[in-house]
Amino acid sequence: RQVRIGGKGTPRRKKKVVHATAATDDKKLQSSLKKLSVNTIPGIEEVNMIKDDGTVIHFNNPKAQASLAANTFAITGHGENKQITEMLPGILSQLGPEGLTQLKRLASSVANSATGGKVSIEEDDEVPELVENFDEASKEEVPVNISDKEDKGKGKENDSVSAGSGEVAKGEGQKEAVQSSSDKRIK
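All residue numbers for the sequence shown refer to the UniProt record's numbering, where the first residue is 1 and numbers rise by one.
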């Protein structure tokens with residue numbers, strides 16, 4: 001966007017765009033929470049949010065605020081993404097029935113991938129032995145007989161003239177010069 005800085009005759013200058021910072025976003029969030037009349041909940045030592053993919057967002061000593069009338073909860077603090085297996089001994093009491101079934105499913109999938117993964121890693125470590133001769137395989141891929149092409153070319157003279165270069169291509173890569181004005185061949 002351009003803005004005129006001076007009077008009538010001055011040129012327009014580009015307007016410097018000021019981007020909002022995280023501090024202003026935090027202030028807006030706090031003012032919105034204040035409008036909802038949230039209350040600080042004391043005595044919360046940790047908060048764990050368990051995702052569907054088996055990861056946990058872990059807050060240690062967060063600031064928790066709640067408004068029951070607005071059904072709003074705000075957790076602020078430093079959050080860390082961790083795997084559920086890293087937090088297992090302490091998190092078992094926090095898991096509900098669906099969390100326990102998810103944990104069992106995760107444990108079985110990890111066990112299956114661990115046993116299957118070890119076998120495939122051992123197989124990948126070895127160099128596979130050469131079973132076939134690659135020269136024979138490449139010969140089998142080319143079904144065109146070269147002698148057939150030569151027989152077709154012997155019956156008639158296979159010359160082509162290129163207009164701009166002044167050359168005639170004859171047979172297998174042999175070139176002849178051509179005069180462009182009188183079409184006389186020079187050999």
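Quick reminder that beta carbons are idealized off the backbone N, C-alpha and C, glycines included.
Between which residues of its own chain and residue i is the CB-CB distance below 6 Å, once the five residues before and five after are set aside?
i   : result
T72 : L36
M49 : I57
K82 : V56 and H58
G6  : none
Counting along the chain, where does the beta strand (DSSP E) carrying residue i start and finish?
i           : result
G79         : G79 to Q83
H19         : Segment: none, H19 is in no beta strand (DSSP E) and carries neither H nor E.
V56         : T55 to N60
residue 188 : Because residue 188 is not part of the residues shown, which for the chain are 1 to 187, the question remains open.
T40         : N39 to I41
K14         : R12 to K14
Indicate the three-state DSSP secondary structure (helix, strand or coil) for residue i in the structure shown.
i    : result
T72  : strand
N48  : strand
G24  : Before going on, a small fix: residue 24 reads as Thr here, not Gly. It is helical.
I91  : helix
S67  : strand
E157 : Only weak support is given to the placement of E157: the predicted model assigns it a pLDDT of 46, under 50, and the value that follows is read from those uncertain coordinates. Note: E157 maps to coil in three-state DSSP.
N133 : coil
T101 : helix
K34  : helix
Taking the Cβ atom as the reference point for each residue, do residue i and residue j lie within a distance shorter than 8 Å?
i   : j    : result
G54 : L106 : yes
I84 : L103 : yes
Report all residues from its chain with a CB closer than 8 Å to the CB of residue i; omit the five preceding and five following residues, and keep chain order.
i   : result
T40 : K63, A64 and Q65
K51 : I57
Short of 7 Å in beta carbon distance, which residues of its chain neighbour residue i, apart from the five on each side in sequence? Order them along the chain.
i   : result
E80 : H58
I75 : V47, F59, P62 and A64
V3  : R12, R13 and K15
D18 : The sequence shown places Val at residue 18, not Asp. Cβ neighbours of V18 beyond the five flanking positions: none.
| Within the chosen definition, does the stretch 6-23 reach the stretch 45-52 through at least 3 CB pairs nearer than 8 Å? | Under the Cβ criterion (8 Å, minimum of three pairs), the stretch 6-23 does not count as touching the stretch 45-52.
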